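Visitor: Below you'll find the structure I mean.
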Amino acid sequence: METDRKLGEFLRARRELTPPARVDLPDAGSRRTPGLRREEVAMLIGVSTDYYVRLEQGRERNPSDQVIAALTEVFTLGADAVAHLYALARGPSPADPDPCPPDATDEVSPHLIRLMDSWPRTPAFVINQCMETLALNPSATAFYERGLRRKPKIGNNTLRAMFLDPVAREFYADWESTSRAKVAHFRATAGRNLHDPRVSELVDELTDLSPEFRDAWARYDVQIEPGRLRRFRHELVGELTVITEVFSLAGSPGQHLITFQAGHDRHSAEALEQMCREVT
Numbered sequence: 000m001e002t003d004r005k006l007g008e009f010l011r012a013r014r015e016l017t018p019p020a021r022v023d024l025p026d027a028g029s030r031r032t033p034g035l036r037r038e039e040v041a042m043l044i045g046v047s048t049d050y051y052v053r054l055e056q057g058r059e060r061n062p063s064d065q066v067i068a069a070l071t072e073v074f075t076l077g078a079d080a081v082a083h084l085y086a087l088a089r090g091p092s093p094a095d096p097d098p099c100p101p102d103a104t105d106e107v108s109p110h111l112i113r114l115m116d117s118w119p120r121t122p123a124f125v126i127n128q129c130m131e132t133l134a135l136n137p138s139a140t141a142f143y144e145r146g147l148r149r150k151p152k153i154g155n156n157t158l159r160a161m162f163l164d165p166v167a168r169e170f171y172a173d174w175e176s177t178s179r180a181k182v183a184h185f186r187a188t189a190g191r192n193l194h195d196p197r198v199s200e201l202v203d204e205l206t207d208l209s210p211e212f213r214d215a216w217a218r219y220d221v222q223i224e225p226g227r228l229r230r231f232r233h234e235l236v237g238e239l240t241v242i243t244e245v246f247s248l249a250g251s252p253g254q255h256l257i258t259f260q261a262g263h264d265r266h267s268a269e270a271l272e273q274m275c276r277e278v279t
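Residue numbering for the sequence shown follows numbering that gives the first Met the number 0, starting at 0 and increasing by one per position.
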């Protein structure tokens, strides 16, 4: 029953975030709720309105593969969101192991730590499925500690720091888009494991304390954070842009390696070089 409820929540959130124009429907007249109407989704995926309503209410528990495929097209879901939808509708596939298994470890491979430490010009760190920082190389330590001279008071959880520490709102120049991307990443890595006490406690805490997290969580965005440009307001070197890359660690389920490289502008390259040079 819990899975049925989560499936309905996911469908409702994605329906409300899908503008009619995206599926070539007119947006005529006022709508009581944003996005598509239930009858419009039903028409687009080729089922009755009653059937789709039962899906959202958790009373229909076995949608066909054709219905799921049609929903992914209507809501234009990415690969991570599609996997999440299938898991909600079917349960995890044996060929697609849970991204956050119960026996996932928070121990970072010493070989990976040694590799990270050999990158003097590349800040790198490892996070787990709960968005906790497990390891940083010296360059990443310099980047964050010297950028956040007013030390965060939220510990090593990057999601908690993002939403509960006011320093983060200044440090991340694109705070709104970055915070939403982190919530989507959290959904993708831990969203199917809300029975895990660490996951549920973090969600409950942030839901209670942060309206912005509450809104982002309700969107049901699901995506492992992709490589992207990210802007920082760094207290040591001013504003700079870095290119982030996120890598899943096959030997450590639930862990991700994140690296920074300088953006394409000269100031960012020189600023990152300056910070890294001081720790080598």
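Glycine included, each C-beta is placed from N, C-alpha and C at the ideal position. The structure presented is a predicted model; accordingly, all values stated were derived computationally and were not measured.
Between the segment 203–215 and the segment 123–142, do three or more beta carbon pairs fall short of 8 Å?
Guide: At 8 Å Cβ cutoff, the stretches do not touch.
Visitor: Could you compute how far the alpha carbon of Ala160 sits from the alpha carbon of Arg230?
Guide: Going by the C-alpha atoms only, they are around 17 Å apart.
Visitor: Would DSSP call His255 helix, strand or coil?
Guide: In this structure, His255 counts as strand in the three-state DSSP scheme.
Visitor: In chain order, which continuous runs of the beta strand (DSSP E) of length 3 or greater are located wholly inside the segment 103–161?
Guide: Whole beta strand (DSSP E) segments, 3+ residues: 123–126, 132–135.
Visitor: Would you please state the rounded distance, in angstroms, between the beta carbons of Ala215 and Ser178? I believe it to be under 8 Å.
Guide: That belief holds up - the Cβ atoms of Ala215 and Ser178 are roughly 6 Å apart, short of 8 Å.
Visitor: Taking Gly253 as the reference, give the member of Ala217, Glu269, Asp195 with the closest Cα.
Guide: Here the closest residue by C-alpha is Asp195.
Visitor: For the segment 75–87 and the segment 36–48, state whether three or more C-beta atom pairs, one from each stretch, are separated by less than 8 Å.
Guide: Judged by Cβ distances under 8 Å, the segment 75–87 makes no contact with the segment 36–48, as fewer than three pairs qualify.
Visitor: Are the CB atoms of Leu248 and Gly262 nearer to each other than 8 Å?
Guide: Contact flag unset, no.
Visitor: Please report the straight-line C-alpha distance between Arg89 and Asn61, rounded to a whole angstrom.
Guide: So the two alpha carbons sit approximately 8 Å from each other.
Visitor: Quick one: Cα of Ala189 to Cα of Lys5, how far?
Guide: For Ala189 and Lys5, the distance between alpha carbons rounds to 14 Å.
Visitor: Would you kindly work out how many angstroms separate the C-alpha atoms of Leu201 and Cys129, rounded to a whole number?
Guide: About 8 Å.
Visitor: The beta strand (DSSP E) spanning Ser247 covers which residue range?
Guide: Its beta strand (DSSP E) spans residues 237–247.
Visitor: Could you give the DSSP three-state label for His194: helix, strand or coil?
Guide: If DSSP states are grouped into helix, strand and coil, His194 belongs with coil.
Visitor: With respect to the alpha helix (DSSP H) encompassing Arg285, which residues constitute its N-terminal and C-terminal limits?
Guide: Since the first and last residues shown for the chain are 0 and 279, residue 285 lies out of range.
Visitor: Following the continuous beta strand (DSSP E) through His263, name the residue where it begins and the one where it ends.
Guide: Taken as a continuous stretch (DSSP letters only), His263 belongs to no beta strand (DSSP E), as it is neither H nor E.
Visitor: Going by beta-carbon coordinates alone, are Tyr219 and Ala12 separated by less than 8 Å?
Guide: Yes, these two residues count as a Cβ contact at 8 Å.
Visitor: Figure out for me which residue from Ala80, Leu271, Leu228 has the closest Cα to the Cα of Val182.
Guide: Selected option, being the one with the closest Cα: Ala80.
Visitor: How many whole angstroms separate the CB atoms of Arg36 and Val52, which I take to be in contact at a CB cut-off of 8 Å?
Guide: Not confirmed; about 11 Å, so no contact.
Visitor: Going by the CB atoms, is the gap between Glu224 and Ala180 shorter than 8 Å?
Guide: Yes, these two residues count as a Cβ contact at 8 Å.
Visitor: Residues in the same chain with beta-carbon distance under 6 Å from Thr258, minus the five sequence neighbours each way, listed in chain order, please.
Guide: Answer for Thr258: Thr121, Ala123, Glu244, listed in chain order.
Visitor: Please give me, in chain order, every unbroken run of the beta strand (DSSP E) with length at least 3 that falls completely inside the segment 42–92.
Guide: Entirely contained in the segment 42–92, not one beta strand (DSSP E) run reaches 3 residues.
Visitor: What first and last residue would you give for the beta strand (DSSP E) that runs through Arg229?
Guide: From DSSP, the beta strand (DSSP E) with Arg229 extends over 227–233.
Visitor: With Val280 and Arg14 assumed to form a contact (beta carbons below 8 Å), what rounded beta-carbon distance in angstroms separates them?
Guide: The question about residue 280 has no answer here: the residues shown for the chain are numbered 0 through 279.
Visitor: Work out the CA separation of Leu111 and Ser251 for me, nearest whole Å.
Guide: Looking at the two C-alpha atoms, the distance is approximately 11 Å.
Visitor: Quick check: the Cα distance between Ala268 and Arg232, rounded to an integer number of angstroms?
Guide: The alpha-carbon atoms of Ala268 and Arg232 are separated by roughly 15 Å.
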